[in-house]
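Asker:
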Amino acid sequence: MIINKPENEIREIINRWAESYFKCELYGFGLSDDLGYPTFFDEDVGCYEFIDEDKSSLHEMGYKADTHRVGKRIGCGFRVKAVFDNNPLIQSKIRRGYEILSPSDILSLGNVKIAVFPRRYYTIKKQLESYGLKEYEDFIHHSFFVAFYNYFMQNRIIVWQTTQAVTTRCTLKCKECNMFMPYYRHPEDISIDVLSADVDAFFSRVDCVQKYTILGGEPLLYRELAKYLQKIQFYSSRIGEVVIATNGSIVPDDELIETALGLGIIRFEINNYNIGGQYSDNHNMLVERIKSSGLSYTLRNYDWSKYRRNTPISDECDLINHYNRCNQPFTAFQDKRYYSCHLPWSAARCEINSDNPSDYLDFMDPSIADLDIVKAGLGHFPREYTSNCAMCNGCDPMFYESIPKAVQI
Ligand code: SF4
Numbered sequence: 009m010i011i012n013k014p015e016n017e018i019r020e021i022i023n024r025w026a027e028s029y030f031k032c033e034l035y036g037f038g039l040s041d042d043l044g045y046p047t048f049f050d051e052d053v054g055c056y057e058f059i060d061e062d063k064s065s066l067h068e069m070g071y072k073a074d075t076h077r078v079g080k081r082i083g084c085g086f087r088v089k090a091v092f093d094n095n096p097l098i099q100s101k102i103r104r105g106y107e108i109l110s111p112s113d114i115l116s117l118g119n120v121k122i123a124v125f126p127r128r129y130y131t132i133k134k135q136l137e138s139y140g141l142k143e144y145e146d147f148i149h150h151s152f153f154v155a156f157y158n159y160f161m162q163n164r165i166i167v168w169q170t171t172q173a174v175t176t177r178c179t180l181k182c183k184e185c186n187m188f189m190p191y192y193r194h195p196e197d198i199s200i201d202v203l204s205a206d207v208d209a210f211f212s213r214v215d216c217v218q219k220y221t222i223l224g225g226e227p228l229l230y231r232e233l234a235k236y237l238q239k240i241q242f243y244s245s246r247i248g249e250v251v252i253a254t255n256g257s258i259v260p261d262d263e264l265i266e267t268a269l270g271l272g273i274i275r276f277e278i279n280n281y282n283i284g285g286q287y288s289d290n291h292n293m294l295v296e297r298i299k300s301s302g303l304s305y306t307l308r309n310y311d312w313s314k315y316r317r318n319t320p321i322s323d324e325c326d327l328i329n330h331y332n333r334c335n336q337p338f339t340a341f342q343d344k345r346y347y348s349c350h351l352p353w354s355a356a357r358c359e360i361n362s363d364n365p366s367d368y369l370d371f372m373d374p375s376i377a378d379l380d381i382v383k384a385g386l387g388h389f390p391r392e393y394t395s396n397c398a399m400c401n402g403c404d405p406m407f408y409e410s411i412p413k414a415v416q417i
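Take the position in the sequence shown, starting the count at 1, then add 8; the result is the number in my numbering.
(1) So V214 packs on I240, CB below 8 Å; how close in whole Å?
(2) Regarding E131 and the ligand SF4, is the C-beta to nearest heavy atom distance less than 6 Å?
(3) Going by DSSP in three states, V251 sits in which element: helix, strand or coil?
(4) Which same chain residues, not among the five before or five after I330, have their C-beta less than 8 Å away from its C-beta?
(5) Enumerate in chain order the residues of its own chain whose CB-to-CB distance from D363 is below 6 Å, with the five nearest sequence positions on each side excluded.
(6) Which of the three DSSP states is assigned to L229 in this structure?
(7) Spell out a yes or no on whether the stretch 228-239 and the stretch 167-178 are touching, meaning 3 or more CB-CB pairs, one atom from each, closer than 8 Å.
(8) F341 by DSSP, collapsed to three states: which one?
(9) Check whether the Cβ of Y408 lies closer than 6 Å to any heavy atom of the ligand SF4, and answer yes or no.
(10) Count the other CB atoms within 10 Å of the CB of Q162; is the residue buried (16 or more) or exposed (fewer)?
(11) Tell me whether the beta-carbon of V120 lies closer than 7 Å to the beta-carbon of Y35.
(12) Would you mind working out which of A234, I200 and K219 sits nearest V250, comparing C-alpha positions?
(13) Whose C-beta lies closer than 6 Å to the C-beta of R19 among residues of the same chain, with five residues either side of it excluded?
(14) Between the alpha carbons of A26 and M187, how many angstroms are there, rounded?
(15) In the DSSP assignment, find the unbroken alpha helix (DSSP H) run with E137 in it and report its ends.
(16) Exposed or buried, P365, counting other C-beta atoms within 10 Å across all chains shown (16 or more means buried)?
(17) Just the C-alpha distance for F30 and Y192, rounded to the nearest angstrom, thanks.
(18) For C403, decide whether its Cβ has a neighbour in chain D, counting only Cβ atoms nearer than 7 Å.
(19) Where do the N-terminal and C-terminal ends of the beta strand (DSSP E) with R317 fall, by residue?
(20) For K413, which residues from the same chain have a beta carbon less than 6 Å from its beta carbon, with the 5 sequence-adjacent residues on both sides left out?
(21) Would you list the residues sitting across from V124 in a DSSP beta bridge?
(22) Between F112 and Y139, what straight-line distance do the alpha-carbon atoms span, to the nearest angstrom?
(23) Spatial neighbours of F152 within its chain, please: C-beta separation below 8 Å, excluding the five flanking residues on both sides.
(24) In whole angstroms, what separates the C-alpha of G270 from that of A234?
(25) Who are the Cβ neighbours of C358 in its own chain at under 6 Å, not counting the five residues just before and after it?
(26) Could you round the C-beta distance between V415 and A155 to whole angstroms and report it? I think they count as a contact, below 8 Å.
(27) In whole angstroms, give me the CA-to-CA distance for E137 and I417.
(28) Using only the heavy atoms of the ligand SF4, determine whether one of them is closer than 6 Å to the beta carbon of Y346.
(29) Assign H194 to one of two classes, buried (16 or more other C-beta atoms within 10 Å of its C-beta) or exposed (fewer than that).
(30) Just to confirm, are Y347 and W353 a CB contact at a threshold of 7 Å?
(31) Which partner residues does A173 have in the DSSP bridge list?
(32) For G302, count neighbouring C-beta atoms within 10 Å of its own C-beta (all shown protein chains included) and say buried if the count is 16 or more, exposed if not.
(33) Which residues bound the alpha helix (DSSP H) around Y421?
(34) Just the Cα atoms here: how many angstroms apart are H150 and Q286?
(35) Quick check on DSSP: helix, strand or coil for F30?
(36) Output needed for F389: all residues of its chain with C-beta closer than 6 Å, excluding positions within five of it in sequence on either side, in chain order.
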């Protein structure tokens, strides 16, 4: 998200929206994440198995259901009058306690104020603008509201999510891996000391994070994962949930399961790439192991879109628009740096691209202001695109191209 407004204007916007929120005047937009309605984005089409509290809460702190525990930990839940959704299968029904309305109801309702939930913000924005609604007056990206509300009114820096890669080793060699894992000449684990220092650096500036995702490579290959989870445990009261994103090929050992249970905020995000053979056997064993352990989990079986472009985007305005539409879900923290997107970090690490300081905020730099971090958490960085965007389709709906998942090299 590019944020071109000065601080005082943002503060006024948040004041107005907070007033409406506390008068219970807000509607939500976007609840198709658990119902198989086709969207471009992973968790929107995944096969979810909710834990109990998820069924009764819609968007804790305004974020998606997959951060369901956050409301209990860092603040009150985010409540709306009803939710608009484009999915005709759920319109006029009650879902998680909320009435689901068709977007065609918006005009007949008159003055509405809508917090838009999905990552596909820029598609929904266009739709709402076609009804004559105005951004910041009639609708708002709800993460913008939540992040700035907490910053201005609660003096807290809350970011929706961040990811941290613990290894660049993987059990698979997916040709279209968006993190370039097959292209590392020297795949390796990141040392526990480096990761621990990163965790400390992150929480030295950020009060709370809704979703802290551990990935790789394949994170279950990481030899010191249990130790790393123990490090994270120190900050567990400031994390909504810790997600271990696995390709589904490894069954974790008892030590890891016990440590994960002890942390209490772990969710396994288990992908199914349907590769067959030994992979399928391991995947089934992993699912059974996690289910029987009592850990929270999500089963994901989603389509892949092609990330790598054949021709680069050269025009700078096009790049900015592309970045904005991508609304990338991968802000990352590595090497004490907060990246707007994980891909440039990995591209530099495997030497496809070079390190570019405009891709991140260096948390060791004392001139980085709190407001810079809040904006970065929403995807705003001064250059307004990353060094990897020219060669990446990302999550930009304009460049969506479905491909078979996990085709091996
Ligand atoms: S288009 Fe840019 S921001 Fe989006 S995923 Fe690719 S590199 Fe990241």
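Beta carbons are placed, not taken as given, at the ideal position from N, Cα and C, and that holds for glycine.
All values derive from a computational prediction rather than experimental measurement.
Answerer: Quick look at the numbers:
(1) The pair is not a contact, with the Cβ atoms about 13 Å apart (cut-off 8 Å).
(2) Reading off the sequence shown, one finds Thr at residue 131, where the question assumed Glu. False, no ligand heavy atom lies under 6 Å from that Cβ.
(3) strand
(4) With the sequence shown as reference, residue 330 is identified as His, and Ile is not the correct amino acid for it. Excluding positions up to five away in sequence, the list reads I321, Y393, C397, G402, D404, M406 and F407.
(5) A356
(6) helix
(7) yes
(8) strand
(9) no
(10) exposed
(11) yes
(12) K219
(13) F160
(14) 38 Å
(15) Y129 to S138
(16) exposed
(17) 50 Å
(18) Within the model displayed, chain D is absent; a lone protein chain is all it includes.
(19) R317 -> no beta strand (DSSP E), and no H or E assigned at all.
(20) Y281 and W312
(21) F37 and H149
(22) The sequence as given places Ser at residue 112; Phe does not occur at that position. Going from the Cα of S112 to the Cα of Y139 covers about 9 Å.
(23) M9, I11 and L386
(24) 11 Å
(25) F188, Y191 and Y192
(26) That pair is no contact at about 37 Å.
(27) 44 Å
(28) no
(29) exposed
(30) yes
(31) L223
(32) exposed
(33) Examination of residue 421 is not possible in this model, given that the chain is present from 9 through 417 alone.
(34) 43 Å
(35) helix
(36) S348
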